[in-house]
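In this note's numbering, the protein residues as written are 946 to 1495.
Glycine is no exception: its CB is placed at the ideal position from the N, C-alpha and C atoms.
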Amino acid sequence: MAQAADTARTVILTVDDDPGVSRAVARDLRRRYGASYRIVRAESGQSALEALRELKLRGDLVAVILADYRMPQMNGIEFLEQALDVYPGARRVLLTAYADTNAAIDAINVVDLDHYLLKPWDPPEEKLYPVLDDLLQAWRASDHRPVASTKVVGHRWSARSSDVREFLARNQVPYRWYSADEPEGRRLLAAAGQDGSRLPLVVTPDGAPLAARVGLATTPTAEFYDLVVVGGGPAGLGAAVYGASEGLRTVLVERSATGGQAGQSSRIENYLGFPDGVSGAQLTDRARRQAAKFGAEILTTREVTGLEVNGSARIVRFSDGSAVAAHSVILATGVSYRQLDAPGLTELTGCGVFYGSALTEASGCQGQDVYIVGGANSAGQAAMYLARGAKSVTLLVRGESLAASMSHYLIQQIEQAPNISVRCGTVVDAAHGTGHLEQLTLRDLATGRTEPVDAQWLFVFVGAAPRTDWLDGTVLRDERGFILAGPDLTPEGRPPAGWELDRPPYHLETNVPGVFVAGDARAESAKRVASAVGEGAMAVMLVHRYLEQS
């Protein structure tokens, strides 16, 4: 008999496109587990995913997911693969006919399937309940209880409120948003003894600091490691996965949220192994869980401010004065979007003007006119995502066409989207608004003519500014701040100044032995997710070579 769950809101979810079978499964589950668990059923993969997302937002637990294999539009394996991103800790069961056993075996590799059941399972006392009893017991033992819901009270047009919501969303932390003007928002402010003059208000159930309360590690567990990875984008996550999986004591340090610019992408469709595309958040979450699975530590909300060499140790210093040391360091700090230099933009940042794809703001764009500055893949991906609900999306491109910097598949998609238009040779000359963006002034570069347009939403994806100022005086960089490594340090066949080893720097090694660079922060890098992940893995291989010869 099932034991009492930790909470009455714990769910067992079943999905089957045959209504009769769906009802029968739910009936058998309720008969055995209804007193301790909530049974939720769905009749399509898409509706089941929507149910899971609603449960996630409410902070509910999902212990077991049972999915029929043969469903139209989205089969059971495809559904479980997406469900894994929403509830990675839920036990996964595939319901199959005898002829589908090969598919069930494939699912073990694709979605780490816990069990598959042949239909029909009469009597359930022999063929269904013993399996679920074991899975529920294993789930309870693994303790996948989420952090209790965090509440955020703020103003819609507030840069700080937007930053907090983006931080929580990118770290996959469930939260509830309340406007300070709504009754519930006012009640929360009153309960906290606040008058609304200092917003946003972040309410955690026990009053602990936000990062710690939502389950983010901020303090290293050791003083010395084999490898410190600075930056949690694709390159950094790739390095953490390969470093930890190959036995290196690895810690990754990220200042805000893992994923980097790729983590903010609404859809990446040219990444190997994902023919249907994958969101940046999904890819980031999987990589983060994979790194943690192999034992890598991941520290979030830690600002790195310095790098020092002390004998064979490489010391990474944090903004609070603390430090962590290691035999080797991989710099994977990535890049940030360049700030537009036009009147009004600075004052309205976070209040209608956003740098990068602020996905938390997408719901506010429903039925409205949206402007996007940029002509590379990140801008195109954002345009396609926002076009789903926006009245219109206008891409503002400085160059003569998208072909110079955007992938061909994205250009085709944009051309076929009826509510996306592209204005080449156009820049933002000014932004206007009181408290939030209300209007833009656009300028045609060819004619110099300006045009005012009504706008409440502007997303900016231009340029690439490396986050490397803190390396000044230690690691060599080019005139734009990108880190030099390998052959770029020896253009005339001579090692860089101060290099004391009897070998030249390895391919991704900087002028500091044992300090490597991977991803977008490297000079002349490819600026693609796949190449960043590859460089992260390659850097770990070179770390091993360095450690063997040290």
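Drop a sphere of 10 angstroms on the beta-carbon of residue i, count the other beta-carbons inside from all chains shown, and report buried for 16 or more, exposed for fewer.
| i | result |
| --- | --- |
| His1100 | buried |
| Arg971 | Note on identity: in this sequence residue 971 is Ala, with Arg being the wrong assignment. The residue in question, Ala971, is buried, as its Cβ has 16 or more Cβ neighbours within 10 Å. |
| Pro1128 | exposed |
| Lys1336 | exposed |
| Ala1207 | buried |
| Gly1380 | exposed |
| His1272 | buried |
| Lys1096 | buried |
| Glu1168 | exposed |
| Ser1264 | exposed |
| Asp1417 | exposed |
| Val1488 | buried |
| Gly1266 | exposed |
| Gly1297 | buried |
| Gln1117 | buried |
| Val1398 | exposed |
Would you mind stating whether residue i and residue j have Cβ atoms separated by less than 7 angstroms?
| i | j | result |
| --- | --- | --- |
| Leu997 | Val1031 | yes |
| Gln1361 | Gly1334 | no |
| Ala1328 | Val1342 | no |
| Leu900 | Thr1278 | Here the chain covers residues 946 to 1495 and nothing more, so residue 900 does not appear. |
| Val1274 | Arg1262 | no |
| Gly1204 | Glu1214 | no |
| Leu1197 | Ile1243 | yes |
| Gly1320 | Gly1344 | yes |
| Gly1408 | Arg1283 | yes |
Taking the alpha-carbon positions, what's the residue i to residue j distance?
| i | j | result |
| --- | --- | --- |
| Phe1219 | Gly1141 | 45 angstroms |
| Gln1082 | Tyr1074 | 12 angstroms |
| Ser981 | Phe1024 | 26 angstroms |
| Leu1144 | Gly1481 | 39 angstroms |
| Asp1078 | Ala1008 | 11 angstroms |
| Ala1039 | Val960 | First, the residue type needs correcting, since residue 1039 is Leu and not Ala in the sequence shown. Leu1039 and Val960: Cα-Cα distance of roughly 10 angstroms. |
| Leu1293 | Phe1299 | 9 angstroms |
| Val1175 | Asn1255 | 18 angstroms |
| Leu1182 | Thr1195 | 11 angstroms |
| Asp1465 | Gln1139 | 43 angstroms |
| Leu1063 | Asp1013 | 10 angstroms |
| Gly1021 | Tyr1061 | 11 angstroms |
| Ala1241 | Ala1189 | 5 angstroms |
| Ser1366 | Tyr1451 | 46 angstroms |
| Gln991 | Ala1375 | 43 angstroms |
| Gly1426 | Gly1251 | 15 angstroms |
| Ala1086 | Thr955 | 14 angstroms |
| Trp1122 | Ala1135 | 16 angstroms |
| Pro1449 | Tyr1120 | 51 angstroms |
| Gln1027 | Glu1199 | 26 angstroms |
| Pro1069 | Asp1059 | 18 angstroms |
| Arg1105 | Val1280 | 22 angstroms |
| Pro1432 | Asn1456 | 11 angstroms |
| Asp1171 | Asp962 | 51 angstroms |
| Ser1210 | Thr1395 | 31 angstroms |
| Leu1011 | Ala1226 | 24 angstroms |
| Val1420 | Tyr1216 | 31 angstroms |
| Ala1484 | Gln1358 | 35 angstroms |
| Arg1473 | Lys1072 | 49 angstroms |
| Gly979 | Asn1322 | 48 angstroms |
| Ser1201 | Ala1236 | 17 angstroms |
Hey, quick one: how far does the beta strand (DSSP E) through residue i stretch, first residue to last?
| i | result |
| --- | --- |
| Asp962 | Unbroken run through Asp962: none, as it is neither H nor E. |
| Arg1275 | The amino acid occupying residue 1275 in the given sequence is Ile; Arg does not appear at that position. Ile1275 -> beta strand (DSSP E) spans 1268-1276. |
| Gln1384 | 1384-1389 |
| Arg986 | 983-987 |
| Glu1199 | 1195-1199 |
| Leu1039 | 1036-1041 |
| Tyr1170 | 1169-1175 |
| Ile1428 | Per DSSP, Ile1428 belongs to no beta strand (DSSP E) and is neither H nor E. |
| Phe1299 | 1298-1300 |
| Ile1260 | 1258-1263 |
For a test of your reading of the model: does the CB of residue i fall under 6 angstroms from any non-hydrogen atom of the ligand ZN? Yes or no.
| i | result |
| --- | --- |
| Ser1124 | No copy of the ligand ZN appears in this structure; indeed no ligand is present at all. |
Residue range of the alpha helix (DSSP H) that residue i falls in?
| i | result |
| --- | --- |
| Leu1080 | 1074-1087 |
| Ala1236 | 1225-1238 |
| Val1478 | 1474-1494 |
| Glu1023 | 1021-1031 |
| Ala1012 | Note, Ala1012: premise wrong, no alpha helix (DSSP H); beta strand (DSSP E) at 1007-1013. |
| Leu1446 | No alpha helix (DSSP H) holds Leu1446; DSSP gives it neither H nor E. |
| Val1186 | 1179-1190 |
| Gly1438 | Neither: Gly1438 is in no alpha helix (DSSP H) and is coded neither H nor E. |
| Ala888 | Only positions 946 to 1495 of the chain appear in this structure, which leaves residue 888 out of reach. |
Fully enclosed by the stretch 1099-1137, which alpha helix (DSSP H) runs are 4 residues long or longer? 1104-1115, 1128-1136
Mind pulling the alpha helix (DSSP H) runs of 4 or more residues that sit fully within the stretch 1332-1398? 1353-1361
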